[in-house]
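A.B. asks: Residue numbers (the working numbering): 175 to 403.
Even for Gly, the Cβ is constructed at its ideal location relative to N, Cα and C.
What follows is a structure written as structure tokens; I'll ask about it next.
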């Protein structure tokens, strides 16, 4: 009888242990799941913080430039577009070799400046215009109707002189008011270049005016000569 009781107790103990094993396995599984959940939460937290930081950086980039600085970059782009288009016309419409040479220099110069401007605008999330202003388009339309000496004179006046004076005034204003270091450096550099091209343009205009002056005088006195006859 005593042996029977011991066997029963031993069997009961084995059953209890067998019942405990699944319970322990369940506990371990739950702990593993809990740890995985914590890991996922940690990863999501990092991703969220990173995304929030990047979003904040993007917002900061959008608002980094002042309204004046954005306007400056856009105005420079319009000027560049106008100078390139007008100078490209000179290849077929100008008659003076010096005008053609000056215009070719403008096209080459504006290509480098346009790329520098594009990169500066991209870094600061500024969308640049791809065409000249309406006033500049009107000037280009007038130039497109001229040829030879008439084109030479008008190109020198509008592009070689007046356009560069406008650019210099724009750069000077940006040098004084711009707070962004990159915009400031761009304005300083290109102001010096525009002043050099203005000096060349003014000298070229004097040469072209002298060449066309006799022709203009002849046109002015022609009606009087006809009347005398």
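My guess is that residue 287 and residue 255 are in contact by the Cβ rule of under 8 Å, so how many angstroms apart are they, rounded?
C.D. replies: For the purposes of this step, residue 287 is taken as residue 113 along the chain shown, with counting starting at 1. For the purposes of this step, residue 255 is taken as residue 81 along the chain shown, with counting starting at 1. Wrong, their Cβ atoms sit about 11 Å apart, outside the cutoff.
A.B. asks: Do residue 289 and residue 378 have their CB atoms nearer than 7 Å?
C.D. replies: Sequence index remark: in the chain shown, residue 289 carries index 115 (1-based). Sequence index remark: in the chain shown, residue 378 carries index 204 (1-based). No. Outside cutoff.
A.B. asks: For residue 336 and residue 295, I'd like the C-alpha separation in whole angstroms.
C.D. replies: Counting from 1 along the chain shown, the entry for residue 336 is found at position 162. Counting from 1 along the chain shown, the entry for residue 295 is found at position 121. About 25 Å.
A.B. asks: With DSSP as the reference, label residue 386 as helix, strand or coil.
C.D. replies: Here residue 386 refers to the residue found at position 212 of the chain shown. In this structure, residue 386 counts as helix in the three-state DSSP scheme.
A.B. asks: Candidates 248, 251, 382, 260: which alpha carbon is nearest residue 323's?
C.D. replies: Position 149 of the chain shown, counted from the first residue, corresponds to residue 323. Among 248, 251, 382, 260, the Cα nearest to that of residue 323 belongs to 382.
A.B. asks: Thinking C-alpha only, which one of 362, 334, 301 is nearest residue 275?
C.D. replies: Residue mapping note: residue 275 aligns to position 101 of the chain shown, counting from 1. Per the Cα distances, 334.
A.B. asks: For residue 280 versus residue 307, is the C-beta distance shorter than 7 Å?
C.D. replies: Stepping through the chain shown from its first residue, residue 280 is reached at position 106. Stepping through the chain shown from its first residue, residue 307 is reached at position 133. Cβ distance not < 7 Å, so residue 280 and residue 307 don't count as in contact.
A.B. asks: Could you check whether residue 349 and residue 362 sit closer than 7 Å to each other, using their CB atoms as the reference points?
C.D. replies: Counting from one through the chain shown, the residue named residue 362 turns up at place 188. Counting from one through the chain shown, the residue named residue 349 turns up at place 175. Yes; because the gap between Cβ atoms is below 7 Å, this pair is in contact.
A.B. asks: My output table needs one value for residue 306: the three-state DSSP class, helix, strand or coil.
C.D. replies: Taking the chain shown and counting its residues from 1, the one referred to as residue 306 is at position 132. In the structure shown, residue 306 sits in coil (DSSP, three-state: anything other than H, G, I, E or B).
A.B. asks: Buried or exposed: which applies to residue 341, given that a residue is buried once 16 or more other Cβ atoms fall within 10 Å of its Cβ?
C.D. replies: Taking the first residue of the chain shown as position 1, residue 341 is located at position 167. Flag for residue 341 reads buried.
A.B. asks: For residue 292, which residues of its own chain have a beta-carbon under 8 Å away from its beta-carbon, when the five flanking residues on both sides are left out?
C.D. replies: Translated into positions along the chain shown, residue 292 becomes position 118. Closer than 8 Å at Cβ, skipping near neighbours: 302.
A.B. asks: Under three-state DSSP, which class holds residue 264?
C.D. replies: In the chain shown, counting from the first residue as 1, residue 264 sits at position 90. If DSSP states are grouped into helix, strand and coil, residue 264 belongs with the helices.
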